[in-house]
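Here the sequence shown is numbered in my numbering, starting from 19 and rising by one per residue. Beta carbons are placed, not taken as given, at the ideal position from N, Cα and C, and that holds for glycine. Just so we're clear, the structure is a prediction, and the values are computed from it rather than from any experiment. Structure first, commentary second.
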Amino acid sequence: MSYKWTEITRPSRHRLAERPSQFSPEQVERAIDRAVDALSAQQAPEGFWCGELTADTTLESDYILLQLWLNQPDENGWNPPTRERIDRAARSILERQMPDGGFNIYSGGPSDVSATIKAYCALKLAGIAPESGAMRAARQRILALGGLQAANSYVKINLSLFGLYPRKHAPSVPPEIVMLPGNVLYEMSSWTRSILVPLSIVQARGANRRAPAGFNLNELLLPGVSLALPKRWGLSVLFHQLDRVFKVWEKRGSERIRAAAIRQAERWILTRTRHTEGLGAIYPAMMYFIMALDALDYAQDHPDRVEAIRHFESLLIETEDRFIFQPCVSPIWDTSICAFAMGEAGLKDDPRLTRAGDWLISKEVRRKGDWSVKRPDTEPSGWAFEFANEFYPDIDDTAMVLLALMHAKGSNLEVQTACERRAVNWLLAMQSEDGGWAAFDVDNNWAVLNQVPFADHNAMLDPTCPDITGRVLECLCRRGMAGHEAVRRGVAYLLGAQEKDGSWYGRWGVNYIYGSFLAMRGLAASQAPGSGDALGRAAKWLRAIQNPDGGWGESGASYTRDCYVPAPSSASQTAWALLGLRAGGDSQSAQFRQGVEYLLGLQTAEGKWPEGATTGTGFPNVFYLTYAMYRDYFPLLALSQV
Numbered sequence: 019m020s021y022k023w024t025e026i027t028r029p030s031r032h033r034l035a036e037r038p039s040q041f042s043p044e045q046v047e048r049a050i051d052r053a054v055d056a057l058s059a060q061q062a063p064e065g066f067w068c069g070e071l072t073a074d075t076t077l078e079s080d081y082i083l084l085q086l087w088l089n090q091p092d093e094n095g096w097n098p099p100t101r102e103r104i105d106r107a108a109r110s111i112l113e114r115q116m117p118d119g120g121f122n123i124y125s126g127g128p129s130d131v132s133a134t135i136k137a138y139c140a141l142k143l144a145g146i147a148p149e150s151g152a153m154r155a156a157r158q159r160i161l162a163l164g165g166l167q168a169a170n171s172y173v174k175i176n177l178s179l180f181g182l183y184p185r186k187h188a189p190s191v192p193p194e195i196v197m198l199p200g201n202v203l204y205e206m207s208s209w210t211r212s213i214l215v216p217l218s219i220v221q222a223r224g225a226n227r228r229a230p231a232g233f234n235l236n237e238l239l240l241p242g243v244s245l246a247l248p249k250r251w252g253l254s255v256l257f258h259q260l261d262r263v264f265k266v267w268e269k270r271g272s273e274r275i276r277a278a279a280i281r282q283a284e285r286w287i288l289t290r291t292r293h294t295e296g297l298g299a300i301y302p303a304m305m306y307f308i309m310a311l312d313a314l315d316y317a318q319d320h321p322d323r324v325e326a327i328r329h330f331e332s333l334l335i336e337t338e339d340r341f342i343f344q345p346c347v348s349p350i351w352d353t354s355i356c357a358f359a360m361g362e363a364g365l366k367d368d369p370r371l372t373r374a375g376d377w378l379i380s381k382e383v384r385r386k387g388d389w390s391v392k393r394p395d396t397e398p399s400g401w402a403f404e405f406a407n408e409f410y411p412d413i414d415d416t417a418m419v420l421l422a423l424m425h426a427k428g429s430n431l432e433v434q435t436a437c438e439r440r441a442v443n444w445l446l447a448m449q450s451e452d453g454g455w456a457a458f459d460v461d462n463n464w465a466v467l468n469q470v471p472f473a474d475h476n477a478m479l480d481p482t483c484p485d486i487t488g489r490v491l492e493c494l495c496r497r498g499m500a501g502h503e504a505v506r507r508g509v510a511y512l513l514g515a516q517e518k519d520g521s522w523y524g525r526w527g528v529n530y531i532y533g534s535f536l537a538m539r540g541l542a543a544s545q546a547p548g549s550g551d552a553l554g555r556a557a558k559w560l561r562a563i564q565n566p567d568g569g570w571g572e573s574g575a576s577y578t579r580d581c582y583v584p585a586p587s588s589a590s591q592t593a594w595a596l597l598g599l600r601a602g603g604d605s606q607s608a609q610f611r612q613g614v615e616y617l618l619g620l621q622t623a624e625g626k627w628p629e630g631a632t633t634g635t636g637f638p639n640v641f642y643l644t645y646a647m648y649r650d651y652f653p654l655l656a657l658s659q660v
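Here it is in structure tokens:
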């Protein structure tokens with residue numbers, strides 16, 4: 019990846035740098051106090067924080083398709099309760115339609131063909147007339163973007179379940195994947211396997227579903243363009259041939275083997291809903307799990323089905339004027355960053371932090387999950403992202419919790435010490451061969467899997483990344499482990515991953531600003547030889563991309579272009595840039611001080627920061643996240659470093 023920042027002109031940058039900063043230490047302290055008070059007001063009595071986590075319209079669109087699966091309309095249409103929910107979901111979708119008729123996947127982004135196709139289908143199912151202005155505009159935008167044929171594989175798979183896209187042209191996900199030797203299933207990312215296994219059951223057992231009589235999406239087909247899977251080169255040709263074999267197998271293969279595979283897949287998904295809030299605790303896996311149970315003829319009052327729907331609907335934010343699904347919930351993530359930021363701001367032995375510490379310690383994972391396939395002898399520990407997701411603790415959350423627990427001292431020091439010891443050992447065991455850390459797994463980098471026909475969701479693998487590696491290094495070094503071999507290997511990974519312009523790629527936040535600030539904090543904490551030059555180049559890059567208003571902003575288009583793409587300043591990204599500069603030894607430059615000034619000027623009287631940007635990343639180029647609390651606790655953390 020090469021960053022082309024020289025293409026970006028900022029004529030007022032020098033004027034900005036020359037303007038003297040106006041803030042005083044007292045202003046910073048007052049801003050910190052207001053921010054701490056604002057966060058304190060959001061803390062739950064149990065000690066945790068959990069802000070809203072939202073995404074794009076695809077979740078509400080999928081919800082309407084799920085209703086079609088579970089509640090097929092009769093000649094009189096949908097039943098009244100379903101009708102009411104679908105109407106609310108449709109209104110929620112329409113409220114976010116763009117002027118060009120399409121639907122985007124991040125704030126300020128262009129219309130996305132897959133999101134727009136999903137929205138169009140859902141709105142048409144909801145009864146919105148195809149000739150209405152909104153639908154005409156959406157249809158024209160879809161055709162301009164390549165038509166239904168340009169949708170990603172999961173859109174085609176979902177539509178094919180209802181006969182709305184030819185099954186022969188949608189990728190097959192056979193349930194036999196759970197029977198493949200060599201633990202091939204565990205070479206896929208954790209989220210991919212939790213999606214594919216229930217989906218394989220749905221494909222195998224749900225062939226009797228159909229859209230309402232006369233309903234189709236033919237008007238979205240671009241004339242003269244094939245519906246077949248896109249032709250590729252290299253190993254992808256082999257996988258396309260295998261897809262044809264799978265389709266023949268579905269019709270003519272051994273019923274005994276297929277039945278055994280379905281039973282094994284069923285056991286797999288049921289096992290992974292114990293001690294968790296739904297399969298994978300993420301929206302798509304939970305949705306396919308419900309569909310799979312229905313396809314397996316689980317009665318509506320079966321406890322597993324009832325519980326699955328309950329967990330799924332717990333993701334819904336429903337008020338008088340809102341109907342929006344969250345892709346998951348983020349209490350451990352929000353709690354650990356809140357507690358860390360408040361601790362860095364100077365809170366010590368504070369009851370708010372004690373409650374947070376006790377709550378976090380109570381959420382330590384103590385059962386083996388999918389990660390143990392590659393680390394069978396490692397003692398279970400770590401933290402998940404959600405309230406309960408014990409099969410999938412993640413490395414990023416674990417490192418963040420360990421940082422938080424440096425300030426958030428629980429009420430039982432002995433219990434906390436033992437917990438922290440286990441978690442550090444788990445982190446060390448989860449280091450990949452290349453020296454970096456990924457999100458959920460070790461050495462999850464079997465690149466050949468990116469060639470399978472359903473791999474275009476850009477999330478087939480869970481490779482190591484600079485942002486998580488940087489956070490783990492900071493965690494380990496601040497616990498006195500700067501001389502550890504794991505730290506040496508992690509530093510080498512980061513130095514090798516630095517971009518030519520001095521930045522680092524950010525996998526889980528948008529994008530190079532996020533990756534850079536975390537890599538810089540990790541390197542700074544390590545004080546490793548060779549890190550000084552890397553930090554200097556990164557700090558120079560951050561200063562070069564500052565916006566004229568003193569803040570920083572980056573667009574999700576950075577992932578599409580493989581280079582930094584500027585955007586209007588946001589509170590969270592400005593905070594990340596300041597944290598990166600501080601890690602690079604810069605606390606006095608004009609750019610740093612103007613960034614602080616930007617945050618001080620943006621803060622409201624209530625101690626919060628407004629932000630409309632999408633700064634979280636789910637799957638680059640495919641799915642983005644808006645964390646409601648990023649705009650508040652990251653600026654607090656940045657101001658604590660001034």
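1. Span of the beta strand (DSSP E) holding A168?
2. Taking all protein chains shown into account, do 16 or more other C-beta atoms lie within 10 angstroms of the C-beta of Q591, making it buried, or fewer, making it exposed?
3. Residues in its own chain within less than 8 Å of A510 by CB, not counting five upstream and five downstream?
4. Assuming M309 contacts L84 under a Cβ cut-off of 8 Å, what Cβ separation, rounded to an integer in Å, is found between them?
5. Compare the Cα-Cα distances from L513 to each of D580, L179, G554 and report the closest residue.
6. Under DSSP, the alpha helix (DSSP H) around L643 begins and ends at which residues?
7. Check whether the stretch 393-402 and the stretch 332-342 are in contact - that is, three or more C-beta pairs closer than 8 Å.
8. Tell me, please, whether the stretch 367-378 touches the stretch 318-325 by the rule of three or more beta-carbon pairs shorter than 8 Å.
9. What are the boundary residues of the beta strand (DSSP E) that S212 is part of?
10. Can you tell me which residues form a DSSP beta bridge with E92?
11. How should L333 be labelled, buried or exposed, when 16 other C-beta atoms within 10 angstroms of its C-beta is the threshold for buried?
12. For E572, write down the residues that DSSP places opposite it in a beta bridge.
13. In its own chain, which residues sit with a C-beta less than 7 Å from the C-beta of G625, not counting the 5 before and 5 after it?
14. Give every residue of the same chain whose Cβ lies closer than 7 Å to the Cβ of I104, excluding the five residues on either side of it in the sequence, and list them in chain order.
15. Indicate whether W209 and I300 have their beta-carbon atoms separated by less than 8 Å.
16. Ordered along the chain, which non-local residues of its own chain (more than five positions away) have a Cβ less than 7 Å from that of F409?
17. Tell me which residue opens and which closes the alpha helix (DSSP H) that I308 is part of.
18. Does the structure place the stretch 513-529 close enough to the stretch 554-563 that three or more beta carbon pairs sit under 8 Å?
19. Can you check the stretch 503-585 for any alpha helix (DSSP H) of at least 4 residues that lies completely inside it and give the ranges in chain order?
20. Name the residue from R439, W464, V442 whose alpha carbon lies nearest to the alpha carbon of E451.
21. Please state if the CB of C483 and the CB of A456 are separated by a distance shorter than 8 Å.
22. Which whole-angstrom value is the C-beta distance of M478 and M206, which I expect to be below 8 Å?
23. Using 8 Å as the threshold, is the C-beta distance between E432 and P349 below it?
24. With H, G and I counted as helix, E and B as strand and the rest as coil, what does DSSP make of E70?
25. Leaving aside the five residues before and after D118 along the sequence, list all residues of the same chain whose C-beta is less than 8 Å from its C-beta, in chain order.
26. In terms of residue numbering, what span does the alpha helix (DSSP H) encompassing G598 cover?
27. Mind checking which residues open and close the beta strand (DSSP E) that includes I123?
28. Give the secondary structure of T622 by DSSP, where H, G and I count as helix, E and B as strand, and everything else as coil.
29. Buried or exposed: A279, going by 16 or more other Cβ atoms within 10 Å of its Cβ?
30. For N201, count the other beta carbons within 10 Å of its own beta carbon; 16 or more makes it buried, fewer makes it exposed. Which is it?
31. Quick one: what does DSSP say T75 is sitting in, helix, strand or coil?
32. For the stretch 58-75 against the stretch 636-655, are there 3 or more C-beta pairs whose distance is under 8 Å?
33. Using C-beta distances below 7 Å, list every residue in its chain close to A417, excluding the 5 sequence neighbours before and after it, in chain order.
34. Determine the burial state of R439: buried for a count of at least 16 other Cβ atoms within 10 Å of its Cβ, exposed for fewer.
35. In three-state terms, what does DSSP make of N463?
36. Does the stretch 605-621 touch the stretch 539-550, meaning 3 or more C-beta pairs lie closer than 8 Å?
In this structure, then:
1. As a first step, residue 168 is located in the sequence shown; it is residue number 150 there, counting from the start. Where A168 is concerned, there is no enclosing beta strand (DSSP E), given that its DSSP letter is neither H nor E.
2. Translated into positions along the sequence shown, residue 591 becomes position 573. With 16 or more other Cβ atoms within 10 Å, it is buried.
3. As a working mapping, residue 510 is identified with position 492 in the sequence shown. Contacts found: G453.
4. Taking the first residue of the sequence shown as position 1, residue 309 is located at position 291. Taking the first residue of the sequence shown as position 1, residue 84 is located at position 66. Confirmed, Cβ separation roughly 7 Å.
5. The residue labelled residue 513 in the question sits at position 495 within the sequence shown. When each option's Cα is compared against that of L513, the closest is G554.
6. Within the sequence shown, residue 643 is the residue found at index 625, counting from 1. Here L643 belongs to no alpha helix (DSSP H); instead the beta strand (DSSP E) covers 641-645.
7. no
8. Verdict: no, contact absent.
9. In the sequence shown, counting from the first residue as 1, residue 212 sits at position 194. Counting along the chain, S212 falls outside any beta strand (DSSP E), though it belongs to the alpha helix (DSSP H) covering 208-223.
10. Translated into the one-based positions of the sequence shown, residue 92 becomes position 74. Position check: residue 92 holds Asp in this sequence, whereas Glu was assumed. Answer is G95, bridged to D92.
11. As a working mapping, residue 333 is identified with position 315 in the sequence shown. Its Cβ being crowded by 16 or more others within 10 Å, L333 is buried.
12. Residue 572 sits at position 554 when you count from the first residue of the sequence shown. According to DSSP, E572 bridges with P584.
13. Position 607 of the sequence shown, counted from the first residue, corresponds to residue 625. Closer than 7 Å at Cβ, skipping near neighbours: R52, A53, D55, A56.
14. Here residue 104 refers to the residue found at position 86 of the sequence shown. Its chain contains I82, Q85, W96, A144 as the residues whose beta carbon lies nearer than 7 Å to that of I104, once the 5 sequence neighbours on both sides are disregarded; these appear in chain order.
15. By 1-based counting over the sequence shown, the position of residue 209 is 191. By 1-based counting over the sequence shown, the position of residue 300 is 282. Contact flag set, yes.
16. Translated into the one-based positions of the sequence shown, residue 409 becomes position 391. Cβ neighbours of F409 beyond the five flanking positions: R290, T294, G387, D388.
17. Position 290 of the sequence shown, counted from the start, is the residue given in the question as residue 308. Start and end: 301-313.
18. Cβ pair count under 8 Å is three or more, so yes.
19. 503-515, 530-544, 549-562, 575-579
20. Here the question's residue 451 lines up with position 433 in the sequence shown. Nearest of R439, W464, V442 to E451, Cα basis: W464.
21. Position 438 of the sequence shown, counted from the first residue, corresponds to residue 456. Position 465 of the sequence shown, counted from the first residue, corresponds to residue 483. Going by beta carbons, A456 and C483 fall inside the 8 Å limit.
22. Here residue 478 corresponds to residue number 460 of the sequence shown, with the count starting at 1. Here residue 206 corresponds to residue number 188 of the sequence shown, with the count starting at 1. Right, the Cβ-Cβ distance comes to about 6 Å (below 8 Å), so this counts as a contact.
23. Residue 432 sits at position 414 when you count from the first residue of the sequence shown. Residue 349 sits at position 331 when you count from the first residue of the sequence shown. No; because the gap between Cβ atoms is not below 8 Å, this pair is not in contact.
24. Sequence index remark: in the sequence shown, residue 70 carries index 52 (1-based). Coil, per DSSP.
25. Counting from one through the sequence shown, the residue named residue 118 turns up at place 100. Hits under 8 Å: S129, A155, R159.
26. The residue labelled residue 598 in the question sits at position 580 within the sequence shown. Counting along the chain, the alpha helix (DSSP H) containing G598 begins and ends at 589-601.
27. On the sequence shown, residue 123 is found 105 positions in, with the first residue counted as 1. Segment: none, I123 is in no beta strand (DSSP E) and carries neither H nor E.
28. On the sequence shown, position 604 is the one that residue 622 refers to. The answer is coil: DSSP assigns T622 none of H, G, I, E or B.
29. As a first step, residue 279 is located in the sequence shown; it is residue number 261 there, counting from the start. Answer is buried; the Cβ neighbour count reaches 16.
30. As a first step, residue 201 must be located in the sequence shown, where it is residue number 183. Classification of N201: exposed, given that the 10 Å Cβ count is below 16.
31. Reading the sequence shown from its first residue, position 57 is the one you call residue 75. Note: T75 maps to coil in three-state DSSP.
32. yes
33. Counting from one through the sequence shown, the residue named residue 417 turns up at place 399. Here the set comprises L445, R489, V490, C493.
34. Working through the sequence shown from its first residue, we reach residue 439 at position 421. Exposed, since its Cβ has fewer than 16 Cβ neighbours within 10 Å.
35. The residue labelled residue 463 in the question sits at position 445 within the sequence shown. Residue state, collapsed to three classes: coil.
36. no
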